[in-house]
Amino acid sequence: MSQNNANFQIKDAQIEKFFDTLKKEPLGSGRNSIVYLTQHRLSSVYFALKEPRKDQLSQQSIINEINIFIKLWQNNNYEFPRCIPYMEKFSETHQILMEYMKNGSLLDILLTSGKFAENFARTIAINLYNQIGLLHRNGIIHFDLKPDNLMFNENMMLKICDLGYANKPIGFTQGYASPEQIQNKIIDPEKCDVFAYGVIIFILVMGFPPFQHYQDNWYKMISNQQWDSFWSQIKLNGKPDPSEEFKDLIQKVIAVDVNKRYNMQNISTAAWYTLEKVSDLECTQELLKRIKLRNVGYYKY
1 MSQNNANFQI
11 KDAQIEKFFD
21 TLKKEPLGSG
31 RNSIVYLTQH
41 RLSSVYFALK
51 EPRKDQLSQQ
61 SIINEINIFI
71 KLWQNNNYEF
81 PRCIPYMEKF
91 SETHQILMEY
101 MKNGSLLDIL
111 LTSGKFAENF
121 ARTIAINLYN
131 QIGLLHRNGI
141 IHFDLKPDNL
151 MFNENMMLKI
161 CDLGYANKPI
171 GFTQGYASPE
181 QIQNKIIDPE
191 KCDVFAYGVI
201 IFILVMGFPP
211 FQHYQDNWYK
221 MISNQQWDSF
231 WSQIKLNGKP
241 DPSEEFKDLI
251 QKVIAVDVNK
261 RYNMQNISTA
271 AWYTLEKVSD
281 LECTQELLKR
291 IKLRNVGYYK
301 Y
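According to the UniProt record's numbering, the stretch in the sequence shown is residues 1 to 301, in order.
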């Protein structure tokens with residue numbers, strides 16, 4: 001049975017009876033949960049088991065994530081990880097069995113081998129844009145998009161994960177959250193995801209974030225729309241000079257003024273997306289090559 005075709009029902013998800021969970025080394029952990037690798041004994045299929053931390057906020061976060069995943073799957077959005085809600089018998093703790101993202105996160109790949117050429121970054125950016133659009137069409141705002149939450153399954157499909165704070169703007173990560181989200185003055189929720197998307201594609205092409213924190217000089221230039229100075233400073237620091245089309249897109253998607261920031265529909269008309277891009281197959285081959293570098297312990301920062 002392939003991992004993608006595994007079709008377990010909720011009644012089958014009795015962790016201690018049907019699964020072997022490897023808890024010595026978690027697959028990952030965050031502020032609200034820890035994720036372990038677990039294997040279904042009968043089929044040998046691997047899953048990720050997400051367990052919330054003990055505090056109430058973490059418990060609420062995982063319940064929210066379960067509800068979001070169920071909504072996506074009921075609407076036949078199979079681009080997102082399949083999940084099976086599960087409640088531990090004795091502790092009444094909610095858990096989620098999820099599709100195992102064998103090939104790790106976009107962050108893993110960026111830390112391993114650095115930035116992408118624009119034609120490769122464009123293909124990844126378009127795939128990510130399409131997934132964010134699917135969320136929004138289902139009435140879901142992620143509110144915490146970042147490379148850590150963009151995972152690749154065994155077939156190198158990019159999937160948005162960690163939906164515990166979806167539609168709840170209290171969950172965000174410094175450096176990716178929009179200014180209005182930080183200030184709790186959200187006008188257009190979708191544009192919060194647009195801002196984070198802009199930071200992500202900037203990192204894809206440049207290999208570093210557009211600012212380190214909300215008080216640094218680069219952020220001040222962005223806030224004051226001093227874009228010529230911003231790009232000049234990047235060049236003076238020995239960083240690569242991207243295409244003019246890329247610069248124009250970035251200036252629109254990470255605009256501090258939400259009224260001047262692109263929405264999702266605007267993004268689809270950006271000139272950068274009309275330039276040459278590699279095929280999905282070529283992109284997959286490049287990603288797999290980088291994953292092999294990671295697996296042999298080569299890291300480039």
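The beta carbon of each residue, even a glycine, is placed where N, CA and C say it ideally should be.
Whose CA, out of LEU42, SER243, LYS50, lies closest to the CA of ALA117? In the sequence shown, residue 117 corresponds to position 117, counting from 1. For the residues LEU42, SER243, LYS50, the minimum Cα distance to ALA117 belongs to SER243.
Integer Cβ distance of LYS191 from ASN130, believed to fall under 8 Å: Translated into positions along the sequence shown, residue 191 becomes position 191. Translated into positions along the sequence shown, residue 130 becomes position 130. Incorrect: roughly 18 Å between the Cβ atoms, too far for contact.
Looking at C-beta atoms only, is the number of pairs between the segment 195 to 203 and the segment 241 to 257 that lie closer than 8 Å three or more? yes
When DSSP labels each residue in this structure, what does GLU154 get in the three-state scheme? Counting from one through the sequence shown, the residue named residue 154 turns up at place 154. Three-state result, GLU154: coil.
Since ILE62 and PRO52 should fall inside the 8 Å C-beta cutoff, what is the C-beta to C-beta distance between them, to a whole number of angstroms? As a first step, residue 62 is located in the sequence shown; it is residue number 62 there, counting from the start. As a first step, residue 52 is located in the sequence shown; it is residue number 52 there, counting from the start. Correct: roughly 4 Å between the Cβ atoms.
Cutting at 8 Å between CB atoms, please list the residues of its own chain near LEU110, excluding the five before and the five after it. On the sequence shown, position 110 is the one that residue 110 refers to. Once the five neighbours on either side are set aside, the close Cβ partners of LEU110 are PRO147, ILE203, LEU204, GLY207.
Name the DSSP beta bridge partners of PRO52, please? Reading the sequence shown from its first residue, position 52 is the one you call residue 52. Its beta-bridge partners are SER33.
Give the C-beta separation of ALA196 and TYR176 to the nearest angstrom, bearing in mind that I take them to be a contact with Cβ-Cβ under 8 Å. As a working note, residue 196 is residue 196 in the sequence shown. As a working note, residue 176 is residue 176 in the sequence shown. Indeed they touch by this definition, with Cβ atoms about 4 Å apart.
Is the beta carbon of GLU286 closer than 7 Å to that of PHE152? For the purposes of this step, residue 152 is taken as residue 152 along the sequence shown, with counting starting at 1. For the purposes of this step, residue 286 is taken as residue 286 along the sequence shown, with counting starting at 1. No, these two residues do not count as a Cβ contact at 7 Å.
Rounded to whole angstroms, what's the CA-CA distance from HIS142 to ASP193? Just pull it up for me. In the sequence shown, the residue the question calls residue 142 occupies position 142. In the sequence shown, the residue the question calls residue 193 occupies position 193. One C-alpha to the other measures close to 7 Å.
So, with DSSP's three-state summary, where would you put GLU286? Numbered from its first residue, the sequence shown carries residue 286 at position 286. In the three-state DSSP reduction, GLU286 falls in the helix class (H, G or I).
For SER105, does the three-state DSSP call read helix, strand or coil? What you label residue 105 is simply residue 105 of the sequence shown in a count that begins at 1. If DSSP states are grouped into helix, strand and coil, SER105 belongs with the strands.
Anyone know if the C-beta pair for SER223 and VAL256 falls short of 7 Å? Taking the first residue of the sequence shown as position 1, residue 223 is located at position 223. Taking the first residue of the sequence shown as position 1, residue 256 is located at position 256. Cβ atoms of SER223 and VAL256: closer than 7 Å.
Extent of the continuous beta strand (DSSP E) run through ILE96: Locating residue 96 in the sequence shown gives position 96, where the first residue counts as 1. Element bounds for ILE96: 94 to 99.
Tell whether a beta-carbon distance below 7 Å holds between ARG294 and THR112. Taking the sequence shown and counting its residues from 1, one reaches residue 294 at position 294. Taking the sequence shown and counting its residues from 1, one reaches residue 112 at position 112. In contact: ARG294 and THR112 (Cβ atoms closer than 7 Å).
In this structure, does DSSP put HIS213 in helix, strand or coil? What you label residue 213 is simply residue 213 of the sequence shown in a count that begins at 1. Three-state DSSP puts HIS213 in coil, outside helix and strand.
Separation of LEU134 from TRP73, as counted between CA atoms: As a first step, residue 73 is located in the sequence shown; it is residue number 73 there, counting from the start. As a first step, residue 134 is located in the sequence shown; it is residue number 134 there, counting from the start. Cα to Cα, the separation comes out at about 12 Å.
Just tell me which of LYS102, LYS50, ALA125 has its CA closest to the CA of THR93. Locating residue 93 in the sequence shown gives position 93, counting from the first residue. The shortest C-alpha separation from THR93 is found at LYS50.
Who pairs with HIS136 in a beta bridge, going by DSSP? Locating residue 136 in the sequence shown gives position 136, where the first residue counts as 1. Beta-bridge pairing links HIS136 to no other residue.
Below 8 Å on the Cβ atoms is my guess for HIS40 versus PHE18; work out the distance and round it to an integer in Å. Here residue 40 refers to the residue found at position 40 of the sequence shown. Here residue 18 refers to the residue found at position 18 of the sequence shown. Going by Cβ atoms, the distance from HIS40 to PHE18 rounds to 6 Å, so yes, they are a contact pair.
Inter-residue spacing [alpha-carbon to alpha-carbon] between MET87 and GLN95: Against the sequence shown, residue 87 aligns to sequence position 87. Against the sequence shown, residue 95 aligns to sequence position 95. The predicted model places MET87 with a pLDDT of 46, which falls under 50 and marks its position as unreliable, so this point remains unresolved.
Give me the Cβ distance between TYR46 and TYR100, rounded to the nearest whole Å; I'm assuming they're in contact under 8 Å. One-based indexing of the sequence shown puts residue 46 at position 46. One-based indexing of the sequence shown puts residue 100 at position 100. The Cβ separation is near 4 Å, so the contact holds.
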